[in-house]
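Residue numbers (the numbering used here), protein chains in the order written: chain X, 1 to 413; chain G, 1 to 224. Where a beta carbon is used, it is the ideal one built from N, C-alpha and C, also for glycine. Input: a single structure, listed below in structure tokens.
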């Protein structure tokens, strides 16, 4: 014998929900808020991940950054990356000579200085680099030229300007061939870099001047560092696959060069962008999961709200349940009707919550200048979860309805 | 059609054991129209619940066309109520959100009838009880007598073998009550077996056999 078809059961459930629109809406509200919160948190988290990825990738692809590290002192205090002056020109040379798979090795030193030209002045970073810097950092020259090895060897005072510096000093005028003074010393502008725009953390990546390493070290930074010292060596690996092995190569080469004994701490550190990227993404990912989990609590609260109303509905509709049983509804028909009612309420809440969550995330992205990431998997997950919430929290009220005694139920006023 | 034998039903009410039916035996034949009468608490409602498959006896046998209904499972009882029994209640028991037509369709939903066949059958039944022009009305738009006619149409939906009516005129004025009783008599003439449970002598007079109950026992069983 066949019982009621699933379509009919859905119609019964939908009918009961439509009969009380306000109550149904309020019942769904908990799930609406829960799903909206989860979707919003996840979307914001993904946006953060995207921003960090953009920032780190913007530093250059397949890049390994070598920086000095002050070894642990007798007191056990770490100086941290960038402290100390353990890297020198010799290190650059040895990496160039010995590390296969290093396609561009660019040493650099950086200092802040005031630049003046034609009556205007501007404070910016003066970065002393070798010509390979362009390739290592994925930079381009928009006009003019980059300085060459020859310029560097001759200690020529030439400068390649970031677009921001050009704008600050001359506005729209073509700066090639013009003279500028950096900390009083005259430099000739030979090129302008292509724009990289703002980094996602808001730092202007175009606000810098490149000049040969030797020139910057002697003219700008002066006696504050040793004559052959470098602050950072940028190494571009031949491919992403080779990144880890090139990094290991640099490590062992520099340990040998610095005569570091097995078991002793390094006086430098190498970081590859892929691993920095992974670490940051993992950290943000964990944080996102945490936020989503907290938001998920409200989903559970929403489920409790549904259970509450479904229990009320079962009590209110006891006579209806008794009548349906008298007319031939099996217990499972009644169970299905009430469970489905809870699922439909919850799923409806899930849909609305999904829309609100995505709108909210897009709104925050627009206001906060934050990348909007649409978590595609969030749609099935949000809907799946809200159905599950309805099923879990509707199960008990539905079971109560199904095990009613039809005689008792019919007699109820 | 129906044989019940030594039927006993006891309830536990707190500390007390209440005997609602105390060894009742009787037979009901196809085509009869029977009034079961007695004061409240006499056991007549309990008998009706057991006859209709809403309740199970504590002891004794109940055979319906040879089937041992006393041993049916919950699902078997649901199907039994759906296919073989038509219920008419004192308070009509229509679902307020559904139209007259949808209320009549309800038993056919649970028997798995196709939507179109269901609607046609329901419309035909409403015509038969004289409500052809009120099919789209909701219960609160119908008078008491009309509501009871909808309920009777609903009870006939799956062509039951037995129609059980519990105080079917109890909520109606006497003129309407007489009309409803006439409808039962007409259905009986067309071959339907009808059992009327009542404490109203007037209702009992519509039947051709009267079974009186007192304290869970049959005290009278007469052909009229």
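field: DSSP beta-bridge partners of residue 161 of chain X
entry: Residue 161 of chain X is bridged to X:192 and X:209.
field: Interface flag, residue 87 of chain G vs chain X, CB-CB below 8 Å
entry: Interface with chain X (8 Å Cβ-Cβ cutoff): residue 87 of chain G is included.
task: Report the residues of the segment 320–332 of chain X with a CB closer than 9 Å to any CB of chain G, ordered along the chain.
output: For the segment 320–332 of chain X, which is checked against every Cβ of chain G, the residues closer than 9 Å are 320, 322, 323, 324, 325, 326, 327, 328, 329, 330, 331 and 332.
message: Between the alpha carbons of residue 8 of chain G and residue 4 of chain X, how many angstroms are there, rounded?
response: About 33 Å.
- prompt: Would you say residue 280 of chain X faces chain G, with C-beta separation under 8 Å as the test?
  reply: Residue-level contact by beta carbon fails for residue 280 of chain X and chain G, as no gap is shorter than 8 Å.
- prompt: residue 409 of chain X: which of X:387, X:236, X:353 and X:323 sits nearest, CA to CA?
  reply: Of the listed residues, the one whose Cα sits closest to residue 409 of chain X is X:323.
query: What residue range is occupied by the uninterrupted alpha helix (DSSP H) comprising residue 408 of chain X?
result: Residues 406–411.
message: Please report whether the beta-carbon of residue 161 of chain G lies at a distance below 8 Å from any beta-carbon of chain X.
response: So, not an interface residue.
- request: Would you please state the rounded distance, in angstroms, between the beta carbons of residue 27 of chain X and residue 306 of chain X? I believe it to be under 8 Å.
  value: That belief holds up - the Cβ atoms of residue 27 of chain X and residue 306 of chain X are roughly 6 Å apart, short of 8 Å.
task: Would you kindly work out how many angstroms separate the C-alpha atoms of residue 403 of chain X and residue 394 of chain X, rounded to a whole number?
output: The C-alpha of residue 403 of chain X lies about 14 Å from the C-alpha of residue 394 of chain X.
Strand pairing of residue 279 of chain X, partner residues [DSSP]: Its beta-bridge partners do not exist; DSSP assigns none.
task: Answer yes or no: does any C-beta atom of chain X fall closer than 8 Å to that of residue 168 of chain G?
output: Not an interface residue.
query: Mapping DSSP to helix, strand and coil, what is residue 170 of chain X?
result: Residue 170 of chain X: helix per DSSP, three-state reduction.
message: Using 8 Å as the threshold, is the C-beta distance between residue 230 of chain X and residue 88 of chain X below it?
response: In this structure, residue 88 of chain X lies closer than 8 Å to residue 230 of chain X by Cβ.
query: By how many angstroms is the C-alpha of residue 293 of chain X removed from the C-alpha of residue 336 of chain X?
result: Cα to Cα, the separation comes out at about 30 Å.
field: Residue from X:142, X:249, X:204 and X:274 whose Cα sits closest to the Cα of residue 174 of chain X
entry: Ranking the options by Cα distance to residue 174 of chain X, first place goes to X:142.
query: With 16 as the cutoff for other CB atoms within 10 Å, does residue 205 of chain X come out buried or exposed?
result: Classification for residue 205 of chain X: buried.
message: Does the structure place the segment 278–296 of chain X close enough to the segment 31–45 of chain X that three or more beta carbon pairs sit under 8 Å?
response: Three or more Cβ pairs closer than 8 Å define a contact, and the segment 31–45 of chain X meets that threshold against the segment 278–296 of chain X.
message: Output needed for residue 284 of chain X: all residues of its chain with C-beta closer than 8 Å, excluding positions within five of it in sequence on either side, in chain order.
response: Setting aside the 5 residues that flank it on each side, residue 284 of chain X is surrounded in the same chain by 45, 48, 49 and 52, each with a C-beta closer than 8 Å to its C-beta; the list follows chain order.
Beta-carbon proximity list for residue 104 of chain G, same chain, < 7 Å, skipping 5 on both sides: Annotation for residue 104 of chain G: 122, 125, 126, 150, 153, 154 and 157 place their beta carbon closer than 7 Å to its own, counting only its chain and skipping 5 residues before and after.
task: For the segment 296–318 of chain X, enumerate the residues whose C-beta is nearer than 8 Å to any C-beta of chain G, in chain order.
output: So the list is empty, because no residue satisfies the distance condition.
task: Determine the burial state of residue 95 of chain G: buried for a count of at least 16 other Cβ atoms within 10 Å of its Cβ, exposed for fewer.
output: That one is buried.
query: Should residue 82 of chain X be labelled buried (16 or more other beta-carbon atoms within 10 Å of its own) or exposed?
result: Reliability of the predicted coordinates at residue 82 of chain X is poor, the pLDDT of 48 falling under 50, and the value obtained from them is presented with this limitation in mind. Exposed, since its Cβ has fewer than 16 Cβ neighbours within 10 Å.
- prompt: If you measure from the beta carbon of residue 355 of chain X to each beta carbon in chain G, is any gap under 8 Å?
  reply: So no, residue 355 of chain X is outside the interface.
field: Helix, strand or coil at residue 74 of chain X [DSSP, three-state]
entry: Low confidence applies here, because residue 74 of chain X scores a pLDDT of 48, under 50, leaving its location unreliable; read the following figure in that light. Of the three classes helix, strand and coil, the one that applies to residue 74 of chain X here is coil, per DSSP.
- prompt: What residue does the beta strand (DSSP E) around residue 166 of chain G start on, and which one ends it?
  reply: Under the DSSP assignment, residue 166 of chain G falls in the beta strand (DSSP E) whose first and last residues are 162–166.
query: Near residue 52 of chain G, what residues of its chain come up, given a Cβ to Cβ distance below 7 Å and the 5 sequence neighbours on each side ignored?
result: Spatial neighbours of residue 52 of chain G in its own chain (CB-CB distance under 7 Å, excluding positions within 5 residues in sequence) are listed in chain order as 81, 85, 87 and 164.
message: Given this structure, state the Cα-to-Cα distance separating residue 114 of chain X from residue 277 of chain X, to the nearest angstrom.
response: When rounded, the distance between both Cα atoms is 34 Å.
task: List the residues of chain X whose Cβ lies closer than 7 Å to the Cβ of residue 107 of chain G, in chain order.
output: Under the 7 Å cutoff, chain X gives 327 and 328.
message: When you compare the CB of residue 97 of chain G with every CB in chain X, is at least one pair closer than 8 Å?
response: So, interface residue.
field: Those runs of the alpha helix (DSSP H) which lie wholly inside the segment 92–153 of chain G and span at least 4 residues
entry: For the segment 92–153 of chain G, the continuous alpha helix (DSSP H) assignments of 4+ residues that do not extend past its boundaries occur at 100–110 and 115–128, in sequence order.
query: Who pairs with residue 271 of chain X in a beta bridge, going by DSSP?
result: The beta-bridge partner set that DSSP reports for residue 271 of chain X consists of X:65.
field: Beta-carbon neighbours of residue 24 of chain X, restricted to chain G and to distances below 8 Å
entry: Going along chain G, no residue has its Cβ under 8 Å from residue 24 of chain X, so there is no contact; the nearest lies around 14 Å.
query: Between residue 240 of chain X and the rest of its own chain, which residues show a CB-CB distance below 8 Å, the 5 nearest in sequence each way excluded?
result: These residues qualify, in order along the chain: 61, 62 and 274.
- prompt: How would you write the range of the beta strand (DSSP E) that residue 122 of chain X sits in, first residue to last?
  reply: Membership of residue 122 of chain X in the beta strand (DSSP E) is indicated by the continuous run 120–129.
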